[in-house]
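Going by numbering that gives the first Met the number 0, the first residue of the sequence shown is number 0, and it counts up by one from there.
First comes the structure, then the notes that go with it.
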Amino acid sequence: MTGAVITIAIILIIAGGSTLGVVAYFRLQRHRADAVAMASYRKLAEEASAGHEALHRQLGALDDRLKSIETLLRSVG
Numbered sequence: 000m001t002g003a004v005i006t007i008a009i010i011l012i013i014a015g016g017s018t019l020g021v022v023a024y025f026r027l028q029r030h031r032a033d034a035v036a037m038a039s040y041r042k043l044a045e046e047a048s049a050g051h052e053a054l055h056r057q058l059g060a061l062d063d064r065l066k067s068i069e070t071l072l073r074s075v076g
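Structure below.
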């Protein structure tokens, strides 16, 4: 009877350890996937910020041109 209990206990320990190993593996994979997604998001945010700055500079240049045109029109009229 004691041999059967020890055998069952060993099997349960091995099964539990294997289960924990599989769970830990999938958690690690999920963590890695999250890290990759965050890196992609960070890159996208940097690109959007750079595009925003370029548009801001272009709007500034257009604003300067518009002011020049307004000044020219006021001097004529």
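The C-beta atom is built at its ideal place from N, Cα and C for all residues, glycine as well.
Values in this document were obtained by computation on a predicted structure and should not be read as measured data.
Roughly how many angstroms separate the alpha carbons of arginine 73 and alanine 60, rounded to a whole number? As a first step, residue 73 is located in the sequence shown; it is residue number 74 there, counting from the start. As a first step, residue 60 is located in the sequence shown; it is residue number 61 there, counting from the start. Each residue's alpha carbon lies about 20 Å from the other.
Along the alpha helix (DSSP H) that carries methionine 37, what are the first and last residues, could you check? The residue you call residue 37 lines up with position 38 of the sequence shown. Looking at the DSSP string, the run of the alpha helix (DSSP H) that includes methionine 37 is 1-75.
For isoleucine 5 and leucine 11, I'd like the C-alpha separation in whole angstroms. If you number the sequence shown from 1, residue 5 lands on position 6. If you number the sequence shown from 1, residue 11 lands on position 12. Cα to Cα, isoleucine 5 sits roughly 10 Å from leucine 11.
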